[in-house]
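Colleague: All residue numbers for the sequence shown refer to the numbering used here, where the first residue is 2 and numbers rise by one. From the three backbone atoms N, C-alpha and C, an ideal C-beta is built for every residue, glycine too. Values in this document were obtained by computation on a predicted structure and should not be read as measured data. Pasting a structure here, questions to come.
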Amino acid sequence: MSTLSSAFKPPIFNQRKILSSRSILPRNDDYLWKIEQGVVRVVTWHEDGTIVTLGIWGVGDIIGTVLSKTEPYQIECLSKVELSALEIQDSSELIQVLQLYLQHTEELMVIRSHKTVEIMVTKLLEWLAHRFGREVQQGRLIDLRLTHQDIAETIGSTRVTITRVLHKLEEQGFIQRLRLHRIVLREEDIWHYEI
2 MSTLSSAFKP PIFNQRKILS SRSILPRNDD YLWKIEQGVV RVVTWHEDGT
52 IVTLGIWGVG DIIGTVLSKT EPYQIECLSK VELSALEIQD SSELIQVLQL
102 YLQHTEELMV IRSHKTVEIM VTKLLEWLAH RFGREVQQGR LIDLRLTHQD
152 IAETIGSTRV TITRVLHKLE EQGFIQRLRL HRIVLREEDI WHYEI
């Protein structure tokens, strides 16, 4: 573990970054970032340009290019984001960071492993509602501006298919789509849909 922790150099004291929605975090292999506000997604892409979402991270999560060997590797802001540079004090902190990072990555892998796009979309919406949602009168608001293309890239589908699935879920009353690509999920109903 000492080789991993020695890879981190102490950041400049109290370094903070504020980035606007859809901007790209400049690559920096020297330290990690803690998300203080907002949501980011980490992506890579195939030779043909197909984007693959590796993770979606929010407040309190630790991100950074140093956590991955994937190339290319890009961190995109899904909202306005405030980040603070993080200094790893000891190997136990590093282990906690890696465990959480791995846990969230595995959760997305499980979502992508389902047999149908409909189930993948419902599982993704449940995951997003749990991680980033908040209770509203109609259900749980996923207050992220995820486009149909963003959702497609997250589960390995197409924008057209996602549009069709979301329309079907809305017609059946499992979700309510709002302005700015926001979705309200009726979790108790979606559970019955999956059975």
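1. DSSP beta-bridge partners for residue 58?
2. Go through its chain and collect everything with a Cβ distance to residue 6's Cβ below 8 angstroms, but skip five positions before and after it.
3. Our contact map puts residue 176 next to residue 160 with C-beta atoms below 8 angstroms; I'd like the distance itself, whole angstroms only.
4. Would you give the residue range spanned by the alpha helix (DSSP H) that residue 171 belongs to?
5. What residue range is occupied by the uninterrupted beta strand (DSSP E) comprising residue 177?
6. Using the Cβ count rule (16 or more neighbours within 10 Å means buried), how would you classify residue 81?
7. Do you know whose CA, among 38, 43, 37, lies nearest residue 26's CA?
8. Got a sec, what are the start and stop residues for the alpha helix (DSSP H) residue 103 sits in?
9. Residue 61: which of 97, 121, 179, 170 sits nearest, CA to CA?
10. Among 38, 31, 136, whose alpha-carbon lies nearest the alpha-carbon of residue 19?
11. From the DSSP output, which residues share a beta bridge with residue 76?
12. Which residues share a DSSP beta bridge with residue 18?
13. Under 8 angstroms: do the segment 168-184 and the segment 145-154 share three or more Cβ pairs, one atom per stretch?
14. Please name the residue, chosen from 130, 119, 152, 134, that lies closest to residue 170 on a Cα-to-Cα basis.
15. For residue 17, which residues of its own chain have a beta-carbon under 6 angstroms away from its beta-carbon, when the five flanking residues on both sides are left out?
Modeller: Straight from the coordinates:
1. 41
2. Residue confidence is low: residue 6 scores 41 on pLDDT, short of 50, so the model does not pin down where it sits. Its coordinate-derived value is still stated next. The answer, listed in chain order, is 89, 91, 92, 95.
3. Their Cβ separation, rounded to whole angstroms, is 17 angstroms, which puts residue 176 and residue 160 out of contact at 8 angstroms.
4. 160-172
5. 176-178
6. exposed
7. 43
8. 92-113
9. 97
10. 38
11. 43
12. 84
13. yes
14. 119
15. 85
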